[in-house]
Structure formats: C-alpha cells, structure tokens
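>
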Amino acid sequence: MQFHHHGYVSGDPRVRPAAGTGLDRPDDLPDTMDVLIVGSGPAGMLLAAQMTEYPSVMTRMIERRPGRLVIGQADGIQARSNETFQAFGFAEEIIHEAFQLTSMNFWSPDPDNHGHIIRTARELDDPRHISEFPHMIVNQARVLDYFAAYAHNGPARIRPDYGWEFVDLTVEDAGEYPVRVTVRGTAGPQEGSERVIRAKYVVGCDGARSRVRDAIGQVPVGDQAFHAWGVMDVLANSTFPDIRTKCAITSEHGSILHIPREGGFLFRMYVDLGEVGEGDNRSIRSTTIEQIIERANQILTPYAIDVRNVAWHSVYEVGHRVTPKFDDVPAELTGSKAPRVFITGDACHTHSAKAGQGMNVSMQDGFNIGWKLGQVLEGRSDPSLLDTYSGERQVIAQNLIDFDKEWSAMMARKPEDFSSPDELAKFYTDTAEFPAGFMTQYTPGVLTGNDTHQALAEGFPIGKRFKSARAVRVADTNPVHLGHHARADGRWRVYAFADAAAPGEASKLTDWAEWMLTSPSSPVVRFTPDGADLDAVFDVKVIYQQTNDQVDPTRVPAIFRPEVGPFRLTDHEKVYAADPQRGDIFDERGLSRDGVVVVVRPDQYVAHVLPLSATDELAAFFAGNMLDQH
202 MQFHHHGYVS GDPRVRPAAG TGLDRPDDLP DTMDVLIVGS GPAGMLLAAQ MTEYPSVMTR
262 MIERRPGRLV IGQADGIQAR SNETFQAFGF AEEIIHEAFQ LTSMNFWSPD PDNHGHIIRT
322 ARELDDPRHI SEFPHMIVNQ ARVLDYFAAY AHNGPARIRP DYGWEFVDLT VEDAGEYPVR
382 VTVRGTAGPQ EGSERVIRAK YVVGCDGARS RVRDAIGQVP VGDQAFHAWG VMDVLANSTF
442 PDIRTKCAIT SEHGSILHIP REGGFLFRMY VDLGEVGEGD NRSIRSTTIE QIIERANQIL
502 TPYAIDVRNV AWHSVYEVGH RVTPKFDDVP AELTGSKAPR VFITGDACHT HSAKAGQGMN
562 VSMQDGFNIG WKLGQVLEGR SDPSLLDTYS GERQVIAQNL IDFDKEWSAM MARKPEDFSS
622 PDELAKFYTD TAEFPAGFMT QYTPGVLTGN DTHQALAEGF PIGKRFKSAR AVRVADTNPV
682 HLGHHARADG RWRVYAFADA AAPGEASKLT DWAEWMLTSP SSPVVRFTPD GADLDAVFDV
742 KVIYQQTNDQ VDPTRVPAIF RPEVGPFRLT DHEKVYAADP QRGDIFDERG LSRDGVVVVV
802 RPDQYVAHVL PLSATDELAA FFAGNMLDQH
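In this note's numbering, the protein residues as written are 202 to 831.
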C-alpha cells in the first residue's frame, strides 16, 4: 500500500482525503446527479466503491431499507471475488473472518442399506490451484460493509441514501440530466413523500423484482424449474461427522447441499423439498422451518441434527432467467443511441443459489459498468464505451444460466439416476474453474484485442482475468504477487515484460520505454491530462528477466520511475525482476523471452498482448477507446 506521496499521513491511510464532490457532499438527496445507483446490494455497493475513485462525478445511491443490511442471503465467495476484494484493499481482512472451503465431501445411499447414507468421495475444492485466493463463506452483509467503508473513505465520500425507494423513470431526448426519476421516502423524515430527481445515468441494482428493469421494458426470458428447496442458517449439534465440511448429499429422501459458515458454529443447509406441481400456486413457500428440519433429518439418516437456533431460513423455487439486454437501448438501436439506464445482478439474471454465483457475478457486473461510467463522465472516453457493458455481461450471464441449469439438475437428481456414485463429485472437480469465476472471457472488440500475438503470453489469455504471479520488487527485494499491486482506481495496467538485455543496455524494451515517454502517439502522452501525474491514467510496470541483484534501478527507463504527487517523489514500486526461487514468471505464464507487453483493463481483464515492437498497434488500440486530453 502506497501513501505519503502527498505529504505525511499520521492517521489511517485507508481514509483518503476528500476531493471533488466529496468535499461538500450534501446530506440530503440532491435534485440532480451524474450517476444514481438504485439498491445497495453487492453490485450496487461495489459500483459505489468504484465511483468513489472518480470524485469529479456526483454519485448517489438510494436504498429503501432504513439502514445497513443485517443478514444477507448470499454467502459464497469465489476466488475471483477475492481477487476483486484485493483490488479494493480488503481481501486480507475479510479472508481472516471467513470460513475457507478447502474440500468437499460427497454422500450417497449405502449399497447395503439404501435408507442410510455413506461418504463416497472426498475432493479438494481447488485441485488445480487456479488461484492463490481461497473459496470461502462469509455473509453478504459483511461484504457490503467492506465496500461501504471503501466508498465512504474514498475521495468522493459516497454513502447510501437510506429510506428512499425507486418508483419509476423516463428517459428524455435532451438536457444535461435526461433521466427523470421518481423516488418515494420509506423511512425517516422523508417517509411517505415523493419527489423527482434527475440523473445523467441510472444503474438498477435492485434485485430480482427490479423496478428499474420494468421501467426500461426489459423482460427476463427463461423458465421456472419446478423444484423447491428450503434453506436455513442454523446453530445445531449433530451426529453427522462432516458437519464442518462442505458436502453434497443424495439420499432416497432427497438431497442436501451442506455449507459450514463463518464463526465456527453456524452452518447452512439447502434441503431438497421435491418437485412442485404446476398447480401448486407457490403454496410450497409456506413450508415451515420445522418441516425443513424434519426433511433434513430424513435425508441425513442414520445421522441427525438438533437445531438450537435459527438465524435465517427461506423457501425458493429454482428459476433460470436472463434479460435480452442490460441497458435501455433496444437491440436494433445499439450503436446509434447511447444508453442511459443499466441493470445489474439479479435484476438481469436469476438462477439457483447452490453454485454460489449470484453475489459473485453481480459484483463483476458492478465492476464492469463502474469504471466505464467513470471514464465517460471524466471525459476520458466517448459515451459509446457504455454500449460494451450489455454486450459483455449479457453473454457471461447466459453462460452462468447454462452452467447452473446443469448443476441444479444434478443436485436434484435421484440416486438411482446417477451412472456411478462418484458422478457428482467428478462433475464438481471437472467444472471447478467456472464457479470460481475464471471462465469469463470477453470477445474481441473495442476493449479487447485479437489473439494475433497470444503465443507471446500464453498464460495471460486475452479477454480473461489477469492471473497474478510472483515477481521480486527490485527497490525493496520483496517477493510480491504482481497483480496484487493493482488497485480498483480506474487506471489501465501496462506490464512490459523485458527482453534479455539488462537495464541501460540497448534493447527493444529501451526503445519501447522511450516511445511511451515521448512519442505523440504514445497513450501516456496522448491520454494523460495536462498537469496530471505521469501514471495518472496508465500504471506502467516493467518485469526484467534478470534477478533483482542484477537490476540497477538507476539505469531503468524513466517511464518506470515516474515522479508523482505535489513533491514530485519517485515511485520505486514499478520495477520488478524474475523470482526463480519461487517460480520464474516468464516460465509460469509462458512469456516470450523476446519481450512482450500485456495490457490489463481497469477491471482486471487482459485487454491485449503485443510484442514490444508493435507500438503502432498499441497506439491504435487505445485510440479506439479513449479521447485526447490535450
């Protein structure tokens, strides 16, 4: 973590100085704003945390509840989400309080006594070591708390406006604030009152019954799978031996997905309540907690649970739906009309809870739209950039729906329908990369280059998230994960993996660095605002093939040693060396020894891979999605 570059910081460095709209932020909801976020769920809170990095943008977030969420329904945190938490600076804290899932056990009917269950398989949760971060369990409310703290402690000082609910909106054809929004007070002094506010952009993060979605005429498409599940968070004693291990249980009485919770005592069970007939008319939802516990004990035979306290419970029917678009522009007008209203999370894709995807995918929706809104509203990119949100995220949501249909169907399958006792366990391990969040891959377009040069960096697939690896920071000899230094500050990351020459020697890297620093076509020169720090828009780092003791930092090109802040202090944390003792990053990620440039978007996805010599191609890539700042 870097601070002090604007002067000595004696307090908590996570509380940064207010700036822009954060300096005199009104307590009351203003009449006009740049961005209105509707709903303070995972997508909304992450979006607020991202927008605090753009203090020139007036962002407000309304929430119908009178205060913070006390207990949330979601609890599964995939490794990709932990990578995202790292970018917002709280991964280590939340990991410490969470329950970490390291394995999953599978239970099936005993062949010698079909009325009893036995353990049939044990599987590692991450057998392929696809991330340095864990898969874990922590309540959604705590995730929101961390994002809320980041948003409020950031320069824009964003905090929820509690006690306001969204009623309706209309998008007008002209005006600085073309979105006319009606809101209603639900708590506090504004309770019962209605008022109209105006915004440049509105983002609906308001859940499966989204009014924002309804207001823009988007209708979820899909089917209702007529299968019901009871879910309960309970404190209980049990004779079941795997009560503190994640389990998939199938029996003659139904199925259970069992998940230990944070804190050492709490656990969650998704309990199979069976098929729901078409004429049920949702009466299954009146199933009592006592009935859910009774069914759980039937499934667990010969074991049992003795519930002492119920923290939360619910009944739901699995549905798989996704909206055709995630913004207010009809498909036939995409590209000719700029979107003004966006939807995220459950507002645009719904599915079962058992794969732990809802909160995780929703947060990536918020991350995706957040930095794009910031870029556009700060004048760094054309408004057409916002077309890419729906184009990118709708495909990801559909892939999620397809995966969840298969996983949900397997969890509801009867024991006799499996081809073997280990079929479910095999599916779990074979598909582990998808629920972990690592199968997302954006296709070529404005923000994602083609794969012409992919062979130069095989371990950084274009369109997929930047998979971190260790390198040695030369200035202090610390071995660090290269990706962990990247923050969710709206900047692009440009990693220059050097050719074989040492610093100061004539090389392709030296020529590339000089071009980046001085050429009028360089993205740093062309798109960095006058008077801003050299790395204000592009965080440019170098990784040498030599070990750290062979790298003389005084001979490293100036682009990698920028002077920042009012005192023009040299940033020493952009120069890295290979770390053969812990794994050479060039070998681990299949990087060309002739040198390669890896460009990473502000939301941590690899945007392009190019040779050091391809400066014209690099210039053209950024010219396609950014605006001149001079």
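The beta carbon of each residue, even a glycine, is placed where N, CA and C say it ideally should be.
Computed from a predicted structure; not experimentally measured.
(1) Kindly list the residues whose CB is nearer than 7 Å to the CB of N749, restricted to its own chain and excluding five residues on each side of it in sequence; keep chain order.
(2) Relative to the alpha-carbon of Q595, which residue among A548, P461, R381 and F768 has its alpha-carbon at the smallest distance?
(3) Entirely within the segment 275 to 358 and at least 3 residues each: give me those beta strand (DSSP E) ranges in chain order.
(4) For G386, which of D618, A820, D327 and W365 has the nearest alpha-carbon?
(5) Secondary structure at D677, three-state DSSP: helix, strand or coil?
(6) Mind checking whether L436 and R509 have CB atoms under 7 Å apart?
(7) Where in the segment 410 to 473 do unbroken runs of the beta strand (DSSP E), each at least 3 residues long, occur, reported from the N-terminal end onward?
(8) Assign Q751 to buried or exposed, taking buried as 16 or more other Cβ atoms, counted over all protein chains shown, within 10 Å of its Cβ.
(9) Rounded to whole angstroms, what is the Cα-Cα separation between S582 and R396?
(10) With the cut-off set at 7 Å, would you say V472 and I460 are in Cβ contact?
(11) Measuring straight from C-alpha to C-alpha, what distance separates E579 and L302?
(12) Could you name the residues that DSSP lists as bridge partners for I263?
(13) Using the DSSP secondary-structure output, state which residues sit across from G386 in a beta bridge.
(14) Tell me the DSSP secondary structure of S609 in three-state form.
(15) Looking at the secondary structure, which residues open and close the beta strand (DSSP E) in which F698 lies?
(16) Pull up the CB-CB distance for T551 and Q419, whole angstroms please, since I reckon it's below 8 Å.
(17) Candidates R320, S591 and F604: which alpha carbon is nearest L501's?
(18) Which one of F286, I398 and G393 has the shortest CA to CA distance from Y378?
(19) Within 10 angstroms of its Cβ, does A497 collect 16 or more other Cβ (buried), or is it exposed?
(20) Give me the residue from N306, R281 and Q492 with the minimum Cα distance to M337.
(21) For V413, which option in L648, T383, Q599 and I485 has the closest C-alpha, if you only look at C-alpha atoms?
(22) As a quick exercise: from T632, D529, T641 and R762, pick the residue whose alpha carbon is nearest that of W608.
(23) Alpha carbon to alpha carbon, what distance is there between G475 and F468?
(24) Name the DSSP beta bridge partners of D507, please?
(25) Counting C-beta neighbours from all protein chains within 10 Å, is the total for F768 16 or more, i.e. buried, or is it exposed?
(26) Are A357 and P227 close, meaning C-beta to C-beta below 7 Å?
(27) With a Cβ-Cβ cutoff of 7 Å, do S452 and L657 count as a contact?
(28) Inspect the CB distances between the segment 310 to 317 and the segment 245 to 256 and report whether three or more fall short of 8 Å.
(29) Between which two residues does the beta strand (DSSP E) harbouring D740 extend?
So, from the listed chains and residues:
(1) As a working note, residue 749 is residue 548 in the sequence shown. Correct list, in chain order: V673, V675, T678 and A778.
(2) Position 394 of the sequence shown, counting from 1, holds the residue named residue 595. Looking only at A548, P461, R381 and F768, the smallest Cα-Cα distance to Q595 is reached by A548.
(3) 300 to 302, 304 to 311, 314 to 325 and 336 to 338
(4) Residue mapping note: residue 386 aligns to position 185 of the sequence shown, counting from 1. Of D618, A820, D327 and W365, the residue nearest in Cα terms is W365.
(5) Position 476 of the sequence shown, counted from the start, is the residue given in the question as residue 677. Reduced to three states, the DSSP call for D677 is coil.
(6) On the sequence shown, residue 436 is found 235 positions in, with the first residue counted as 1. On the sequence shown, residue 509 is found 308 positions in, with the first residue counted as 1. In this structure, R509 lies closer than 7 Å to L436 by Cβ.
(7) 422 to 439, 447 to 452 and 455 to 461, all fully within the segment 410 to 473.
(8) Walking along the sequence shown from the start, residue 751 turns up at place 550. Per the 10 Å Cβ criterion, exposed.
(9) Within the sequence shown, numbered from 1, the residue matching residue 582 stands at position 381. Within the sequence shown, numbered from 1, the residue matching residue 396 stands at position 195. Distance between the alpha carbons of S582 and R396: 32 Å.
(10) Working through the sequence shown from its first residue, we reach residue 472 at position 271. Working through the sequence shown from its first residue, we reach residue 460 at position 259. The answer is no: Cβ separation not under 7 Å.
(11) Looking up residue 579 in the sequence shown gives position 378. Looking up residue 302 in the sequence shown gives position 101. Computed Cα separation, rounded: 41 Å.
(12) What you label residue 263 is simply residue 62 of the sequence shown in a count that begins at 1. In the DSSP output, where bridge partners are listed per residue, I263 has V239 and D362.
(13) As a working note, residue 386 is residue 185 in the sequence shown. DSSP, once it has assigned bridges, lists W365 and E392 as partnering G386.
(14) As a first step, residue 609 is located in the sequence shown; it is residue number 408 there, counting from the start. Three-state DSSP puts S609 in a helix.
(15) Counted from its first residue, the sequence shown places residue 698 at position 497. Segment W693 to F698, the beta strand (DSSP E) holding F698.
(16) Here the question's residue 551 lines up with position 350 in the sequence shown. Here the question's residue 419 lines up with position 218 in the sequence shown. With a Cβ gap of about 13 Å, T551 and Q419 do not count as contacting.
(17) Here the question's residue 501 lines up with position 300 in the sequence shown. The shortest Cα separation from L501 among R320, S591 and F604 belongs to R320.
(18) In the sequence shown, the residue the question calls residue 378 occupies position 177. Cα-wise, what sits closest to Y378 is I398.
(19) As a position in the sequence shown, residue 497 is number 296, starting the count at 1. Answer is buried; the Cβ neighbour count reaches 16.
(20) The count along the sequence shown starts at 1 and reaches residue 337 at position 136. When each option's Cα is compared against that of M337, the closest is R281.
(21) By one-based count along the sequence shown, residue 413 stands at place 212. The shortest Cα separation from V413 among L648, T383, Q599 and I485 belongs to T383.
(22) For the purposes of this step, residue 608 is identified with residue 407 of the sequence shown, where counting begins at 1. Nearest C-alpha to W608: T632.
(23) For the purposes of this step, residue 468 is taken as the residue at position 267 of the sequence shown. For the purposes of this step, residue 475 is taken as the residue at position 274 of the sequence shown. So the alpha carbons of these two residues sit roughly 22 Å apart.
(24) One-based indexing of the sequence shown puts residue 507 at position 306. N438.
(25) The residue you call residue 768 lines up with position 567 of the sequence shown. Looking at its Cβ environment, which holds fewer than 16 other Cβ atoms inside 10 Å, F768 is exposed.
(26) Working through the sequence shown from its first residue, we reach residue 357 at position 156. Working through the sequence shown from its first residue, we reach residue 227 at position 26. For A357 and P227, no; Cβs fall outside 7 Å.
(27) Residue mapping note: residue 452 aligns to position 251 of the sequence shown, counting from 1. Residue mapping note: residue 657 aligns to position 456 of the sequence shown, counting from 1. It is not a contact, given that the beta carbons lie outside the stated cut-off.
(28) no
(29) Along the sequence shown, one-based indexing puts residue 740 at 539. Here the beta strand (DSSP E) through D740 covers F739 to Y745.
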